[in-house]
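>
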Amino acid sequence: MKSAVSELKKIDEKIKIIDRFPDGVFSFSTSLNNKDFLSFLEANPPIFLRHIHPIHGVLFISENRWAPDTVGEFITPLGKKIKPGKKTSVQARRIPGEYDHTLFSYKNALDPILRDTFYAQNVVQRPEQIVSIFVTPSTEIDVKNSNEYEMNPESPPPWKQVALIGISTPRENLCEWSGGIVRFSKEMGVVSRAEFKLLEAMEIFDISLPPHGIALDLGSSPGGWTKVLVQKGLYVTSVDQAPLEPNVAKLPGVRYVQSKAEHFRGEAESFDLLASDINRDPVKSARSLIAVAPFVKKNAPFIMTIKLADKNFPKLIDKTLETLRESYIIKGVKQLYNNRDEVTVWGIRK
Ligand SMILES: C[S@@+](CC[C@H](N)C(=O)[O-])C[C@H]1O[C@@H](n2cnc3c(N)ncnc32)[C@H](O)[C@@H]1O
0 MKSAVSELKK IDEKIKIIDR FPDGVFSFST SLNNKDFLSF LEANPPIFLR HIHPIHGVLF
60 ISENRWAPDT VGEFITPLGK KIKPGKKTSV QARRIPGEYD HTLFSYKNAL DPILRDTFYA
120 QNVVQRPEQI VSIFVTPSTE IDVKNSNEYE MNPESPPPWK QVALIGISTP RENLCEWSGG
180 IVRFSKEMGV VSRAEFKLLE AMEIFDISLP PHGIALDLGS SPGGWTKVLV QKGLYVTSVD
240 QAPLEPNVAK LPGVRYVQSK AEHFRGEAES FDLLASDINR DPVKSARSLI AVAPFVKKNA
300 PFIMTIKLAD KNFPKLIDKT LETLRESYII KGVKQLYNNR DEVTVWGIRK
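The sequence shown begins at 0 in numbering that gives the first Met the number 0 and counts up by one.
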């Protein structure tokens, strides 16, 4: 949360944190108007802040009411924020607590209203507009700091929950996934958790893979990324001093080279994709990516994780990116949901 707040402070030093919730979630107010705030954010894409949504309504839910019904009734006063006819998703989240309803019940309550009143197409994926609902059983929400909310004063105490509601586009939210949480189902045969990092990077950065191309995977053991790339139809040269898991090593399309990345040599401009998940000092890993750059085709995408062992990680990230810029154009850097003490960078070969 500290890093995300620092990123917000670079955009508006007068940012005020209003409430803090578990799991790094917080509400804040900005002194900028919405348009300026969003364009500054777009000009300085944050690395650690994964997801935001506006708060247009603060809804106090009385003890005798069912929360999804209350939210459903309240969506019409928020109607001026809703653009009619759009592909619209309902994304509900909540902090841990006692609830008498499922998250899915918000979607069930709102979808018919959005469809019938606002001619929305109800969708789950690829929305053009998102109704975000954040529910907390704590009714000690500090809403005094803003007069911009719609509220439901007729909802009499005692309250059991509060819902914070906002309507926005996926771009304004920084991410089309609810809360920036990108979960993949744990299918049988998952080699390592690392697989989710690669799948998420491709999804979040919208990287399209060259069909039937050749990928170079550095720091590939035990083989999660190699397996994902083969499943996506690529041939993979998989480089690590540690062995691949036998099930991955024997996949058709995998060529395993037992070597340190910095010693690997290939044919000039032969790879269509470069992936690196090497767990060593990221500046040294970046130098390995520079060393293999002659073997990567021009404009081919690369994806690399930057391990944040160093406490001074803003400097470490900057130094790593600076090193990479010798041979690559950086397109995006993000701490993904599936990243732990690392961030993921992607770009293309110059
Ligand atoms: C996080 S693991 C990679 C996981 C892999 N991406 C997967 O999906 O299974 C990091 C790997 O980097 C490798 N590594 C560390 N230093 C390396 C180097 N100099 N060259 C190549 N691989 C290296 C380690 O042996 C380790 O297997």
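Where is the CB? At the ideal position from N, CA and C, for every residue including glycine.
Please state whether DSSP places G96 in a helix, a strand or coil.
G96: coil per DSSP, three-state reduction.
> What's the call for H50, buried or exposed, on a 16-neighbour Cβ count within 10 Å?
Result: buried.
> When you measure from the CB of V70 to every non-hydrogen atom of ligand 2, does any distance come out below 8 Å?
Among the ligands modelled here, namely ligand 1, ligand 2 does not occur.
> Go through its chain and collect everything with a Cβ distance to F117's Cβ below 6 Å, but skip five positions before and after it.
Excluding sequence neighbours, F117 sits near I81 and P83.
> Is any non-hydrogen atom of ligand 1 found closer than 8 Å to the C-beta of V235, if you look at the structure I gave you?
Flag unset: Cβ of V235 not near ligand 1.
> May I ask you to report which of helix, strand or coil DSSP gives F117?
Looking at F117 - three-state DSSP - the assignment turns out to be helix.
> Using 8 Å as the cut-off, can you tell me whether the segment 263-275 makes contact with the segment 286-306, which would need three or more C-beta pairs spanning the two stretches below that distance?
Judged by Cβ distances under 8 Å, the segment 263-275 makes contact with the segment 286-306, as three or more pairs qualify.
> Between S137, Q257, I302 and G252, which has its C-alpha nearest D193's C-alpha?
Checking the sequence, you will find Ala at residue 193 rather than Asp. Per the Cα distances, I302.
> State buried or exposed for W345, treating a residue as buried only when at least 16 other CB atoms are found within 10 Å of its CB.
Looking at its Cβ environment, which holds 16 or more other Cβ atoms inside 10 Å, W345 is buried.
> Do you know whose CA, among D276, D309, P45 and I16, lies nearest K196's CA?
It is D276.
> Which class does Q230 belong to by DSSP, given the choice of helix, strand or coil?
The answer is helix: DSSP assigns Q230 an H, G or I state.
> Considering only their Cβ atoms, is the gap separating H52 from G165 smaller than 9 Å?
Yes, these two residues count as a Cβ contact at 9 Å.
> Taking 8 Å as the line, does the beta carbon of G223 fall inside it for any heavy atom of ligand 1?
Result yes, Cβ under 8 Å from ligand 1.
> Does the segment 251-262 come close enough to the segment 282-291 that 3 or more CB-CB pairs lie under 8 Å?
Verdict: yes, contact present.
> Contact between the segment 154-170 and the segment 122-142: three or more CB pairs below 8 Å?
At 8 Å Cβ cutoff, the stretches touch.
> Pull the bridge partners of V235 from the DSSP assignment, please.
According to DSSP, which records beta bridges pairwise, V235 is partnered with A214 and V253.
> Determine, using beta carbons only, whether S131 and A66 come nearer to each other than 9 Å.
No, these two residues do not count as a Cβ contact at 9 Å.
> Run the CB neighbour count on F119, radius 10 Å, all protein chains shown included, and call it buried at 16 or more, exposed below.
Correcting the residue identity first, residue 119 is Ala in this sequence and not Phe. With 16 or more other Cβ atoms within 10 Å, it is buried.
> Would you call the CB atoms of V227 and G252 closer than 9 Å?
Contact flag unset, no.
> What separation, rounded to the nearest whole angstrom, lies between the Cα atoms of F36 and T29?
Their backbone Cα atoms lie some 8 Å apart in a straight line.
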